[in-house]
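Colleague:
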Amino acid sequence: MGIKELWHRLGSPRWFFEMSRRWPWIFGGLALLLLLSGTLWGLAFAPADYQQGNSFRIMYIHVPTSLVAQSAYIVMGVAGFMLLVWRMKLADMVLSAIVPFGMSMTALSLFTGAVWGRPTWGAWWVWDARTTSMLVLLFLYFGVYALRQAIPRQATAGRACAVLALVGTINIPIIKYSVDWWLTLHQPASFTLTEAPSMPMVMWMPLLVNVLGVYCLFGANLLGRLRLEILKRERSTQWVRDVVLSGRT
Amino acid sequence: MSFDSFAEFLAMGGHGLYVWLAYAATIVVVLANVLSLRLARKRFLREALAVVRRKETAQAAATEANS
């Protein structure tokens with residue numbers, strides 16, 4: 036299939052629904068496998084940190100959830116762009132399907148950060164650039180969610196959410212570079228694409244496994260919600276009626 | 034294994050409260066994401082099925098009235 040054909044087919048929610056039937060299960064299974072092994076490895080087998088002792092084990096969930104919370108927002112911004120430029124129906128559905136996962140991961144990132152901050156910094160919360168910009172991300176998710184609820188007309192709500200999602204992506208580089216641009220209590224990135232990790236391999240391998248796992252979880256959840264959103268919006272069509280009658284979703 | 038006993042594993046060198054609180058919250062949030070989607074799908078299917086059935090009954094009643 037050529038790129039152009041794929042592009043046209045993405046305009047058809049039905050085509051996407053039918054071809055993605057197994058995807059949530061594949062991603063979900065991978066997520067379960069990766070997250071269980073990464074977490075067990077990180078909690079019980081990785082050596083304790085020489086400075087932070089065992090509290091550093093919170094990293095194995097804090098870093099993956101923080102990363103995926105930002106990636107989910109980027110995906111939402113891209114979907115917003117696609118909706119505004121090409122009026123793609125599927126993009127609007129992605130825009131609303133992504134919010135619950137992104138919002139909950141941002142909240143989880145802030146919570147695990149607070150719980151890690153207490154024994155490490157001596158405070159549950161500090162107003163430094165990293166934590167504050169992450170809090171802004173949470174409010175952006177709230178904003179997209181509230182906007183959807185507040186506007187009854189679907190097309191208008193979709194466009195409004197798309198604009199907010201798109202404008203909000205400016206916060207993503209701010210989160211990323213906050214630890215370099217400002218003097219923060221928050222430590223710099225544990226992982227970069229360009230340099231070798233400063234941790235020994237037994238410490239960063241479980242982190243890598245959990246990062247991959249949480250991205251699979253994101254894939255599974257997004258696809259599952261997207262497929263439900265497709266059914267909801269196309270509920271009056273014959274093909275959805277057939278799906279409902281067959282009970283096979 | 035980085036710990037000598039299960040009790041030590043639970044204690045996490047005195048940081049047990051923080052570590053387990055963070056992991057417990059994660060489990061709750063992940064399960065909430067998975068279960069809320071399952072429930073929403075089930076609710077949609079139930080409601081949509083009811084709508085289809087209602088239409089079928091109405092149609093059957095209409096044909097009966099006509100005959």
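As they're listed, the protein sequences go chains L and A. Quick note: the first sequence, position 150, residue 185 per the working numbering, numbers continuous. Quick note: the second sequence, position 27, residue 60 per the working numbering, numbers continuous. We put the beta carbon where it would ideally sit given N, CA and C, even for glycine. Bear in mind that the values here come from a model prediction, so they are computed numbers and not experimental data.
So, are the CB atoms of Val134/L and Val179/L less than 7 Å apart?
Modeller: Going by C-beta atoms, Val134/L is nearer than 7 Å to Val179/L.
Colleague: What residues of chain A sit near Arg283/L, judged by a beta carbon separation below 9 Å?
Modeller: Within 9 Å Cβ-Cβ: nothing; Arg283/L doesn't reach chain A, min ~10 Å.
Colleague: Measuring alpha carbon to alpha carbon, tell me which of Phe39/A, Arg87/A and Met45/A ends up nearest Phe84/L.
Modeller: A small correction: the amino acid at residue 84/L is Asp; Phe does not occupy that position in the sequence shown. Of the listed residues, the one whose Cα sits closest to Asp84/L is Met45/A.
Colleague: In the DSSP output, which residue or residues are listed as bridge partners for Gly88/L?
Modeller: According to DSSP, which records beta bridges pairwise, Gly88/L is partnered with Asp84/L.
Colleague: Shorter than 7 Å from the beta carbon of Phe136/L to some beta carbon of chain A?
Modeller: By this cut-off, Phe136/L is an interface position.
Colleague: Enumerated in chain order, which unbroken segments of the alpha helix (DSSP H) with a length of 4 residues or greater are wholly contained in the stretch 215-258 of chain L?
Modeller: Counting only runs of 4 or more, we get nothing.
Colleague: Out of Tyr51/A, Ile60/A, Gln92/A and Val67/A, point me to the one whose CA is closest to Asn89/L's CA.
Modeller: If we check each option's Cα against that of Asn89/L, Tyr51/A comes out closest.
Colleague: Quick one: Cα of Leu280/L to Cα of Glu53/L, how far?
Modeller: Cα-Cα distance, rounded: 15 Å.
Colleague: Consult DSSP for Val161/L and reduce its assignment to one of helix, strand or coil.
Modeller: Three-state result, Val161/L: coil.
Colleague: How would you list, in chain order, the residues of chain A whose beta-carbon sits under 7 Å from the beta-carbon of Ser168/L?
Modeller: The premise fails here: Ser168/L is roughly 21 Å from chain A at the closest Cβ pair, so nothing lies under 7 Å.
Colleague: Contact criterion: CB-CB distance below 7 Å. Does Asn256/L meet it with respect to chain A?
Modeller: Closer than 7 Å to some Cβ of chain A, the Cβ of Asn256/L qualifies, so yes.
Colleague: Taking the alpha-carbon positions, what's the Val275/L to Arg79/A distance?
Modeller: Answer to the nearest angstrom: the Cα atoms are 13 Å apart.
Colleague: In chain A, what lies closer than 9 Å to Pro235/L by C-beta?
Modeller: Per Cβ cutoff of 9 Å: no residues; Pro235/L is ~13 Å from chain A at best.
Colleague: Over what stretch of residues does the alpha helix (DSSP H) that includes Ile133/L continue unbroken?
Modeller: Per DSSP, Ile133/L belongs to no alpha helix (DSSP H) and is neither H nor E.
Colleague: Does the beta-carbon of Ile96/L have 16 or more other beta-carbons within 10 angstroms, so that it is buried, or is it exposed?
Modeller: The residue is buried, with at least 16 neighbouring Cβ atoms inside 10 Å.
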